Amino acid sequence: PTTTTAPQQNSSKLQWPAPGHYHISSSYGYRTLDGVVGFHGGIDISDGSINGTAACAAASGTVLMHGPTFCTHNFNKHYDCGCNGGYGNYLILDHGNGIYTLYAHLASISVADGQSVTVGQQVGVIGTTGHSTGPHLHFEVRAGGSGYGNRVNPQNYLP
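Position 106 of the sequence shown, counting from 1, maps to 715 under this note's numbering, and the rest follow consecutively.
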């Protein structure tokens with residue numbers, strides 16, 4: 610059996626999830642969006658050419674879950690499609706030892722629940738589904754806690 614060492618904070622063992630696109634348009638922490646101050650539990654990676662490009666696994670692991678794959682609307686919240694706005698098309702990878710990564714607003718998902726993935730493998734296509742202000746990858750790191758872990762600052766885990 611293969612064992613994977615989970616990345617630890619400040620270890621820089623996660624790979625950048627949007628190769629070739631390095632602009633962080635919204636950081637982790639409190640922000641104002643649509644006139645409302647709220648907590649942003651990840652980072653948004655965006656630039657003028659990110660739409661339709663690959664979202665890649667930041668570390669090897671297993672696809673824990675994805676949901677929904679039917680979200681087709683772009684921008685703002687639309688409850689009529691059944692995705693409830695929010696993340697739109699998203700997936701969560703389990704990297705072991707209580708470390709998870711989440712990839713959201715994807716145009717499409719390239720992997721299935723339970724599938725093993727390797728670092729750098731394409732897991733989806735970046736888009737703007739769900740409650741999104743434009744094409745970008747919303748990327749979260751979750752660590753410890755119960756369920757899928759507590760959201761922590763991804764920049765502490767990325768190179």
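Heads up, the beta-carbon is just placed ideally off N, CA and C, and yes, glycines get one too.
Just so we're clear, the structure is a prediction, and the values are computed from it rather than from any experiment.
Cβ neighbour criterion (16 or more within 10 Å) applied to residue i
i, result
"T611", "Only weak support exists for where T611 lies, its pLDDT of 32 falling under 50; the coordinates are left without a value."
"V646", "exposed"
"L623", "buried"
"T614", "Legend: pLDDT at T614 = 44, less than 50; position of this residue unreliable, no value from coordinates given."
"A752", "buried"
"G661", "exposed"
"P768", "exposed"
"G758", "buried"
"H675", "buried"
"Y696", "buried"
"L700", "buried"
"L642", "exposed"
"A721", "exposed"
"H632", "exposed"
"S655", "buried"
"F748", "buried"
Residue j beta carbon less than 8 angstroms from that of residue i
i, j, result
"G670", "G705", "yes"
"S635", "I652", "yes"
"A668", "I735", "no"
"Q731", "C665", "yes"
For residue j and residue i, believed in contact at Cβ under 8 angstroms, the rounded distance
i, j, result
"L673", "Y709", "7 angstroms"
"I718", "G733", "5 angstroms"
"Y637", "N762", "4 angstroms"
Residue i CB to nearest heavy atom of the ligand MG below 7 angstroms
i, result
"E749", "The ligand MG is not part of the structure shown, which contains no ligands of any sort."
Next on the checklist: Whether or not the segment 702-713 and the segment 730-745 are in contact is what I'm after, with contact meaning three or more pairs of Cβ atoms, one per stretch, closer than 8 angstroms; do they touch?
Outcome noted: yes
Checklist entry - Along the chain, which unbroken stretches of the alpha helix (DSSP H) at least 4 residues long are found entirely within the segment 622-674? => result none
Item to check | beta strand (DSSP E) runs wholly inside the segment 697-726, at least 3 long, in chain order | outcome: 698-703, 708-718
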